[in-house]
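Asks: In my numbering, the protein residues as written are 1293 to 1612. Where is the CB? At the ideal position from N, CA and C, for every residue including glycine. Bear in mind that the values here come from a model prediction, so they are computed numbers and not experimental data. Okay, handing you the structure first.
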Amino acid sequence: MNLLEQANEAYNKNFPNTTWFGKCIFISWYCDVGTCKFCYRSTIKPNIKNIENARRTPKSIFTEALLAKHLGWRIEFLTGGYNIYPIEKLADITKRVSEIYKNKLWLNLGVLKNEDINLLKPYTEGIVASIETINPKLHDKICPNKPIEKYEELLNSIKNLKKSAAIVIGLGEKDSDMDLLFDFIKKHKLDRITFYALKPVKGTPYTQGPTTEQYIKWIANARINFPKLEIITGTTANRINEISLLLKAGSNAITKFPATKLFNSKKAKIFEEEIKKSGRIFLSTLTDVDKLNELKNIKIESNIKDKLLGYIEVMSRSKN
């Protein structure tokens, strides 16, 4: 039995034969740290003179929550960089998104203080630690102002909430670093992990992401070592042909794909074909325009409704 077969068997023994699309909802494009060498936000930070201009409008955030709820997407997490909102405002946004989505949320908002977590806790399912890469020396080089130790302190402080970590593959890690990751998962009793394949960003030192083989090796080994762990994997529009392999490697679900921009596009259809190829049942839709148009009749505040109708108009157009 090869690695993929072992991982698929471990998944099938512990989870239903289903999958879904996970939608990350960004609250801003700014990050107060902004020094991670692979990240898009490190390339735009010098150009942002007014932080408020990098914030998304609440109505855009709430509209994406409505879309997620109606189209069967799960909100992967609420995210958006460090120190973009006062904690009270952030709590208001989190509460409203949770109300619209009718479920508690995962939050990926940096190293939160205990008092901040307590304020957010009524609307929160779990906290995500953006570790990025687990090798300490590599991490210090790539994310010099995001020490792993601070995230470990965060995870150690969490009580009565689930815990997760986000890891990017393609930053220069070695296969031997898997042991470091698996020790980290055990140490902090993580409930979930999100893997991303590096998407090279112009203006950063990186020019290519990992091969599919490199990517699925991490996913499959994580599944074999942690049969009950929820594993989410990110894929971009340029990597959609690997989706069936990501699922066979033991992923529970797929995130990162630009679903609103590419709704009902050729690539969205390939995404869904890849799900079928894997043998899983897709609980979401990226192509059903009739389902999307049902939202035109929803009763919601007028400013959100106007924004929603704008999204629907763009998303329902035919695309290549």
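Would you list, in sequence order, the uninterrupted alpha helix (DSSP H) runs of no fewer than 4 residues that lie entirely inside the region 1423-1490?
Replies: 1428-1434, 1440-1449 and 1469-1480, all fully within the region 1423-1490.
Asks: Would you check if the region 1397-1414 and the region 1300-1311 touch, i.e. whether three or more CB-CB distances between them fall below 8 Å?
Replies: no
Asks: Among K1478, P1428, H1362 and E1465, which has the Cα closest to the Cα of L1447?
Replies: K1478
Asks: When you compare each of C1331, K1451, T1504 and S1456 to I1485 by their alpha carbons, which one comes out closest?
Replies: S1456
Asks: Between the alpha carbons of C1328 and L1430, how many angstroms are there, rounded?
Replies: 11 Å
Asks: Using CA coordinates, which residue listed in A1529, T1547, Y1603 and G1462 is at the minimum distance from A1618?
Replies: In the structure as shown, the chain starts at 1293 and stops at 1612, and residue 1618 therefore has no counterpart that could be examined.
Asks: What beta strand (DSSP E) runs, 3 residues minimum, are completely inside the region 1517-1549?
Replies: 1522-1526 and 1545-1547
Asks: Distance, Cα to Cα, I1508 vs K1591?
Replies: 43 Å
Asks: Could you work out which residue in C1435, D1471 and I1524 is closest to I1546 when comparing CA atoms only?
Replies: I1524
Asks: Specify whether the region 1384-1399 and the region 1426-1443 touch according to this definition: at least 3 beta carbon pairs, one from each stretch, less than 8 Å apart.
Replies: Between the region 1384-1399 and the region 1426-1443, the count of Cβ pairs shorter than 8 Å is below three; the stretches do not touch.
Asks: Tell me whether L1539 is buried or exposed, calling it buried when 16 or more other Cβ atoms sit within 10 Å of its Cβ.
Replies: buried
Asks: Measuring CB to CB, does K1413 end up less than 9 Å from L1453?
Replies: yes
Asks: Please return the same chain residues whose Cβ sits closer than 8 Å to the Cβ of D1467, not counting the five positions on each side in sequence.
Replies: K1509
Asks: So, using beta-carbon positions, are A1551 and K1315 closer together than 9 Å?
Replies: yes
Asks: If you run the structure through DSSP and keep just helix, strand and coil, what is T1371?
Replies: strand
Asks: Taking the beta carbon of E1605 as the centre, do at least 16 other beta carbons fall within 10 Å, making it buried, or is it exposed?
Replies: exposed
Asks: Using a Cβ-based criterion (distance less than 8 Å to any ligand heavy atom), does L1601 qualify as near the ligand MN?
Replies: For the ligand MN, the structure offers nothing, since it holds no ligand at all.
Asks: Just the C-alpha distance for T1496 and I1434, rounded to the nearest angstrom, thanks.
Replies: 11 Å
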